[in-house]
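Residue numbers (the working numbering): 2 to 226. For every residue, glycine included, the Cβ atom is placed at its ideal position computed from N, Cα and C. Single-structure report; data block below.
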């Protein structure tokens, strides 16, 4: 497992880079720094902040669904991370969930997301509501960081009129996480899937890992607001 301590010997302070011009450059820089097994969380945050959202670059990955938010894979980072774009229709949100010991960075590409953090359940009786820790709003180009050490969280699009698009970096990748009932603290194990990979629709009907297929006109591949 890739180790990413809060403070490590490896630091981007000695690695010069300017504001990212393209999403392709951001991906290349991520691959460069993740050649090592120790990466400074603050440095990754700075790198994510350095990229300024440009819809012309990420629109091809921003595939919406009218019934649920979508997870669209952009890059796998040689197995050390997953970089993906999530598309949120008006009012859509995630369940309260953990991150399976992964580090999570979220950058807002369009619109805004509201993050609500919760403390871990204090007992296993599943009879106590989750305790809310804090709530923060992130607007375009804002970046947040989350890990299981900080608790649980839920992300949601606060707008009931406009869509939102966000860039997510998960280190290391994971295929399942726990969702939590806010009223009782009960957890449920959930598999996570991709709506698209590299701009192509994923079909899980006959394949557990998903098969890439050409999607039809019913899938919206556009910047929705």
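Cβ-based burial, residue 122 [other Cβ within 10 Å; buried from 16]
buried
On the DSSP bridge list, what partners appear for residue 147?
105
What three-state label does DSSP hand residue 118 in the structure shown?
strand
With a cut-off of 8 Å, does the C-beta of residue 31 fall near any C-beta of chain B?
No chain B appears in the structure shown, which is made up of a single protein chain.
Of the choices 34, 192, 153 and 157, whose alpha-carbon is the least far from that of residue 166?
157
Segment contact, 8 Å Cβ cut-off, at least three pairs: the region 65 to 78 with the region 105 to 117
no
Flag this pair as touching only if the region 91 to 108 and the region 140 to 151 have three or more C-beta atom pairs under 8 Å; answer yes or no.
Yes: the two stretches touch, three or more of their Cβ pairs being nearer than 8 Å.
Coarse secondary structure for residue 133, derived from DSSP in three states
strand
Around the C-beta of residue 191, are 16 or more other C-beta atoms found within 10 angstroms, so that it is buried, or is it exposed?
exposed
Alpha-carbon to alpha-carbon, residue 172 and residue 117
Between residue 117 and residue 172, the C-alpha separation is close to 21 Å.
Sheet register partners of residue 80 (DSSP bridge):
Residue 80 is not bridged to any residue.
Would you kindly check if the distance between the Cβ of residue 77 and the Cβ of residue 174 is under 8 Å?
yes
Inter-residue Cα distance where the pair is residue 137 and residue 97:
15 Å
Decide if residue 25 is buried, meaning its Cβ has at least 16 other Cβ atoms within 10 Å, or exposed.
exposed
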